[in-house]
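Novice: To convert, take the position in the sequence shown, counting from 1, and add 5; that gives my numbering.
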Amino acid sequence: DEEIARLEGDVANWDIKMAMENGCIYDTSIVHDLREKGADEWEIDNALYNAQNEYSRCILKNKDGMKLGLKGNEVDAIRSANKTATDLFWKITKDNDHKDKDVIFSPTSLQFALALLVNGADNDSAYSEITKMLGQQDMPLDFMNNMYEKRMTTLITENPMEVEIGVANAAFLQNGIHFGKNYLQNIEEYYKAAANNVDFALDSTYEIMDKWAEETTNGMIPSMQIPKNPDLWIVLANALSFQAEWANKFDRSATISDTFTTATGEKKRVEKIRNRYEGCYAEGDNYQLVTLSFYEGYVMNIILPKEGVTPETALAEIDLDSIHYKRGHTGMGPDTIYCPSLSLPKFNLDDKIELNESLKKIGLEKTFSKNFNNIAEGAHVSKIKQLTHLEIDEDGAKGAAITTISMEGTAMQQEYKDVKVDVNRPFIVTINKPQSHEVLFIGLINDPTPKGE
């Protein structure tokens, strides 16, 4: 800390300055380079500010990683898995069922469900495909299971008074089929997935699964929506739920009725919640972004593509783990903190995503054609599906996801600058925790109006 203070006080000398703590480098060498090139003082001081931010973010990430017991290669795997999940998200937005419609997708839920599945892979090609999507191609099974056990532990040990998160896994198994003992032990030990022996020919089995869905999502998803199928052998399921109040709540008296232009160009009336924030605004060539905070490090990012820019182009410009918030610093006077006045549509949305074809498009082909004999001899994947719910209002946000894999058998002093962010056209929303690289939900809201009206 003394070294950091000295560097900040000594920056007027424009020397190359570096300090390191816990593997994090505080590097102001770019200041020297800019000075040599004759850059103006605003650009130089802005480079210093960015260096300070990078250092602070690194320290926060390392502290969070130490708390979770995550190692560097585990963090890298999670970040890589999230990138692949984002690629999958854009494939989903373009399929026939979702084009120009709302899409709510949970990377975290899908990743846990695939982790359950890959534990039963006995085919190198299927194992390679799934582990690549989970962040590191052909990573050892023990490495992956330990990593997911840490992720699950940190998710379910959040402070329930501030952020309520639930994660549950289950395996519903057809009576009379022999299932691999090691497989069942692994998913119970690392994922707390209890085995439920059922008969898929009976209506009561689907009632049992629906009850599990309702209980594990706090009623937000009351049914797994799995059609009766006597040929089913296994249903693997992950359930994720999230509920939190805003750290800075919206005033209900400020809510207004306003216009929203949908993805198809239709103008609709929506209810918009409104608030003013300090220092949580980012802007790029293609987007405006406002970060809304919950507690325990969770945030919601509202990403509004600029006029004429596609949502995919806007999101490609953003690293959710390391957002560069807009800040002015001249070196001659006070910093400028940008204060967005946000107008955001309330929404309450449900989605159903059939994932087979989209997963094949990003490389999971053998996964659907090979048997998973370590689960049961001749078992193969017939359908991967995700159900989601997401809603926001003046008080906070809540969401839920269930991913199912169905398997059959054949066998400084500051001045403030106001910025207007009026979310009046399609936008992206995420719920994530940058420090642990967890992306619970990502959504494309093309029409926030209540459905069925």
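Note that beta-carbon positions come from the ideal geometry of N, C-alpha and C, so glycine has one too.
Return the residue from the list Asn-180, Asn-187, Glu-194 and Tyr-132 that minimises the CA-CA distance to Asn-174.
Specialist: One-based indexing of the sequence shown puts residue 174 at position 169. Nearest option by C-alpha distance: Glu-194.
Novice: Which residue or residues does DSSP assign as beta-bridge partners of Val-203?
Specialist: Here residue 203 is taken as the residue at index 198 of the sequence shown, counted from 1. Gln-179, per the DSSP bridge assignment.
Novice: With DSSP run on the structure shown, which of helix, strand or coil describes Tyr-286?
Specialist: What you label residue 286 is simply residue 281 of the sequence shown in a count that begins at 1. Residue state, collapsed to three classes: strand.
Novice: Which residues share a DSSP beta bridge with Glu-134?
Specialist: Residue 134 sits at position 129 when you count from the first residue of the sequence shown. DSSP lists no partner for Glu-134.
Novice: Would you kindly report the start and end of the unbroken alpha helix (DSSP H) that includes Gly-77?
Specialist: By 1-based counting over the sequence shown, the position of residue 77 is 72. Per DSSP, Gly-77 belongs to the alpha helix (DSSP H) from 77 to 98.
Novice: Suppose contacts are defined by Cβ-Cβ distances below 9 angstroms. Is Ala-86 in contact with Met-138 by that definition?
Specialist: Along the sequence shown, read from residue 1 onward, the residue named residue 86 stands at position 81. Along the sequence shown, read from residue 1 onward, the residue named residue 138 stands at position 133. Yes, they are a contact pair.
Novice: Terminal residues of the continuous alpha helix (DSSP H) containing Leu-121?
Specialist: Locating residue 121 in the sequence shown gives position 116, counting from the first residue. Leu-121 -> alpha helix (DSSP H) spans 112 to 123.
Novice: Are three or more beta carbon pairs between the region 277 to 293 and the region 372 to 384 nearer than 8 angstroms?
Specialist: They do not touch, by the three-pair rule.
Novice: On the three-state DSSP scale, how would you describe His-442?
Specialist: For the purposes of this step, residue 442 is identified with residue 437 of the sequence shown, where counting begins at 1. His-442: coil per DSSP, three-state reduction.
Novice: Identify every residue that forms a DSSP beta bridge with Tyr-153.
Specialist: Counting from 1 along the sequence shown, the entry for residue 153 is found at position 148. Beta-bridge pairing links Tyr-153 to no other residue.
Novice: Below 8 angstroms, can you find three or more Cβ-Cβ pairs linking the region 351 to 365 to the region 100 to 115?
Specialist: Taking 8 angstroms as the limit for Cβ pairs, the verdict is that the region 100 to 115 does touch the region 351 to 365.
Novice: Output the boundary residues of the beta strand (DSSP E) element that contains Gln-293.
Specialist: Along the sequence shown, one-based indexing puts residue 293 at 288. Unbroken beta strand (DSSP E) run through Gln-293: 292 to 298.
Novice: Should Lys-186 go down as buried or exposed, given a rule of 16 or more other Cβ atoms within 10 Å for buried?
Specialist: Your numbering for residue 186 matches position 181 in the sequence shown. It is exposed - the Cβ of Lys-186 has fewer than 16 other Cβ atoms within 10 Å.
Novice: How about Ala-118 and Ile-410: do their beta carbons lie closer than 9 angstroms?
Specialist: What you label residue 118 is simply residue 113 of the sequence shown in a count that begins at 1. What you label residue 410 is simply residue 405 of the sequence shown in a count that begins at 1. Going by C-beta atoms, Ala-118 is nearer than 9 angstroms to Ile-410.
Novice: Between Asp-92 and Asn-437, what straight-line distance do the alpha-carbon atoms span, to the nearest angstrom?
Specialist: As a position in the sequence shown, residue 92 is number 87, starting the count at 1. As a position in the sequence shown, residue 437 is number 432, starting the count at 1. Using only the alpha carbons, I get a separation of about 17 angstroms.
Novice: Let me know the secondary structure DSSP gives Trp-251 once reduced to three states.
Specialist: The residue given as residue 251 occupies position 246 in the sequence shown. Correct three-state label for Trp-251: coil.
Novice: Determine whether the Cβ of Lys-365 lies closer than 9 angstroms to any Cβ atom of chain C.
Specialist: No chain C appears in the structure shown, which is made up of a single protein chain.
Novice: Given Leu-121, which residues of its chain have a CB within under 8 angstroms of its CB, disregarding the five upstream and five downstream residues?
Specialist: For the purposes of this step, residue 121 is taken as the residue at position 116 of the sequence shown. Result list for Leu-121: Asn-174, Ala-176, Ile-192, Tyr-196, Ala-198, Leu-241, Asn-243 and Ile-410, in chain order.
Novice: What's the gap between the Cα of Ser-228 and the Cα of Leu-39?
Specialist: Taking the first residue of the sequence shown as 1, we reach residue 228 at position 223. Taking the first residue of the sequence shown as 1, we reach residue 39 at position 34. Approximately 59 angstroms, taken between the alpha carbons.
Novice: In the DSSP assignment, what residue or residues form a beta bridge with Gly-448?
Specialist: The residue given as residue 448 occupies position 443 in the sequence shown. Gly-448 is bridged to Ile-109 and Val-434.
Novice: Does the region 390 to 404 come within contact of the region 142 to 162, defined as at least 3 CB pairs closer than 8 angstroms?
Specialist: They do not touch, by the three-pair rule.
Novice: Who are Pro-350's beta bridge partners in DSSP?
Specialist: To locate residue 350, count along the sequence shown from 1; it is residue 345. Its beta-bridge partners are Lys-277.
Novice: Give me the DSSP bridge partner(s) of Pro-345.
Specialist: Indexing the sequence shown from 1 puts residue 345 at position 340. Partner(s): Val-424.
Novice: Pick helix, strand or coil for Phe-373, following the three-state DSSP scheme.
Specialist: Translated into the one-based positions of the sequence shown, residue 373 becomes position 368. Residue state, collapsed to three classes: helix.
Novice: Under the rule that 16 or more other beta-carbon atoms within 10 Å means buried, what is Met-417, buried or exposed?
Specialist: By one-based count along the sequence shown, residue 417 stands at place 412. At Met-417, the pLDDT of 44 sits below 50, so the modelled position is not reliable and the matter cannot be decided from this model.
Novice: So, with DSSP's three-state summary, where would you put Glu-359?
Specialist: Within the sequence shown, numbered from 1, the residue matching residue 359 stands at position 354. Reduced to three states, the DSSP call for Glu-359 is strand.
Novice: Using CA coordinates, which residue listed in Lys-456, Asp-452, Gly-448 and Pro-455 is at the minimum distance from Lys-96?
Specialist: In the sequence shown, residue 96 corresponds to position 91, counting from 1. For Lys-96, the nearest C-alpha among the options comes from Gly-448.
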